[in-house]
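The opening residue of the sequence shown carries number 0 in numbering that gives the first Met the number 0; numbering runs sequentially from there.
Built from N, CA and C at the ideal position, the CB exists for glycine as well.
Bear in mind the structure is a predicted one, so any value in this text is a computation, not a measurement.
Input: a single structure, listed below in structure tokens.
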Amino acid sequence: MSVYHPPKISSNEITPQRVYLSRRTFIGGAAAGLVLSGTAVSASAAPLQAKPGPYKLDEKLTPKEAVTTYNNFYEFGVNKSDPAQNSGDFKPTPWAVAVEGLVNKPKTFGLEELMKMQLEERTYRMRCVEGWSMVIPWIGFPLKALLDQVEPQGSAKYVAFETIVRPSEMPGQSGFLQPLSWPYIEGLRLDEAAHPLTILAVGLYGETLPNQNGAPIRLVVPWKYGFKSIKSIVKIKLVDKQPDTTWKNANAKEYGFYSNVNPAVDHPRWSQATEQRIGEGSGLFPDRRPTLPFNGYAEEVASLYAGMDLKANY
Ligand SMILES: Nc1nc2c(c(=O)[nH]1)N[C@H]1C(S)=C(S)[C@@H](COP(=O)(O)O)O[C@H]1N2
Ligand SMILES: [Mo]
């Protein structure tokens, strides 16, 4: 299996990323920037209605331009600009999500049915394990609403998720050197999956999800590092044992199953104490802000981990 080590993010590497973004976002009269954002967003996005949901934040939204051009989605390449640039041929319709395993009523949900769930707009703080963060207005519905329909059995303890494998439309899955093994897989404990903060997102900024953000449906778990929020999901399976996850399989010393945002537990190669809010600050003086326990959602989720050693269960 190929083991990919994500680029080490140190303060001197953060600066070029910010300069890149501020150039694109703010000095962005650059023709290339406008052309890219035009294709990237309009290729798949359509207006999407949703009622306001809980969990509003008093923080400035990350500009849509940054949310849709600074991404991690290795199926389309390992650089932040790759997903927006390389996902234009990806077809998020038709689509179906199979929900199976230890459930009384296994069912494959067509996208049309998923889009008819009670959609809410929820603004969440997102924190990538690499040290940057965003504030994103998602549109989606609680994962619990889906789980309730299939009726998990008493023996179900975890939920395993899978991303689509489609090398013909995902250039990162067809290159000579594959950065990860596919499908991209993730998992949650059943109580984490059923927590009211955990949603399946089908849109952002009032539109359906752009391909680069995980069209047509992706997970959002705001108190965990970004890689837990798996994109373009085709399978959800209820299981009795802790499932494998892509980044733990790739490098278990650096990435654990839980991956709760925790400023007190450093990544082996960098501190997690602070973060850079994408799209803010000046290019020369990145203003790193303190990272909050559970990404600021401790009041809601800390009780899920009562009695657990979060240094051992990273
Ligand atoms: N299938 C899949 N899901 C994925 C990833 C990926 O490479 N493949 N990257 C993860 C990481 S590391 C992050 S930070 C978030 C980024 O989500 P965004 O691009 O919508 O901000 O997606 C996560 N989901
Ligand atoms: Mo991430």
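Taking a contact as a CB-CB distance under 8 angstroms, the pair residue 212 and residue 71 does not count as one, their CB atoms being some 10 angstroms apart.
For ligand 2, no non-hydrogen atom lies closer than 6 angstroms to the CB of residue 213.
With respect to residue 186, residue 159 sits close: the two C-beta atoms are nearer than 7 angstroms.
Per DSSP, the continuous alpha helix (DSSP H) segment holding residue 66 begins and ends at 63-66. For residue 84, the enclosing alpha helix (DSSP H) has its first and last residue at 81-85.
Assigned with DSSP and collapsed to three states, residue 92 falls in coil, not helix or strand. Closer than 6 angstroms to some heavy atom of ligand 1: that describes the Cβ of residue 162.
Residue 279: not part of any alpha helix (DSSP H); DSSP gives it neither H nor E.
Contact residues of ligand 2 (beta-carbon closer than 7 angstroms to any heavy atom; chain order) are 71, 127, 128, 129, 224, 225, 226. Here residue 259 is buried. Its C-beta has 16 or more other C-beta atoms within 10 Å. Using a C-beta cut-off of 8 angstroms, the region 305-312 makes contact with the region 247-264, since at least three inter-stretch Cβ pairs fall below that distance.
Residue state for residue 70 is assigned as coil, using DSSP reduced to three classes. For residue 229, the distance from the CB to the nearest heavy atom of ligand 1 is below 6 angstroms. For residue 301, the secondary structure class from DSSP, reduced to helix, strand or coil, is helix.
The beta carbons of residue 215 and residue 92 sit about 7 angstroms from each other, so the pair counts as a contact at 8 angstroms. With a threshold of 6 angstroms, the Cβ atom of residue 73 counts as near ligand 1, since some heavy atom of the ligand is closer than that. In the DSSP assignment, the residues bridged to residue 157 are 188, 238. In this model, residue 148 and residue 102 are separated by some 9 angstroms (Cα to Cα).
Annotated three-state conformation of residue 222 is coil, per DSSP. Burial of residue 231 is indicated by the presence of at least 16 other C-beta atoms within 10 angstroms of its C-beta. Contact between residue 151 and residue 199 is absent: CB atoms are separated by about 16 angstroms, not below the 8 angstroms threshold. In this structure, 182 is the residue among 182, 305, 204 with its C-alpha nearest to the C-alpha of residue 244. Exclusion of residue 123 from the 6 angstroms shell around ligand 1 follows from its C-beta lying no nearer than that to any non-hydrogen atom of the ligand. Linking residue 217 to residue 205 through their CA atoms gives a straight-line distance of about 16 angstroms.
Not one heavy atom of ligand 1 lies closer than 6 angstroms to the C-beta of residue 254. Looking at the DSSP output, residue 207 shares a beta bridge with 202. The Cβ-Cβ distance between residue 171 and residue 293 does not fall below 7 angstroms.
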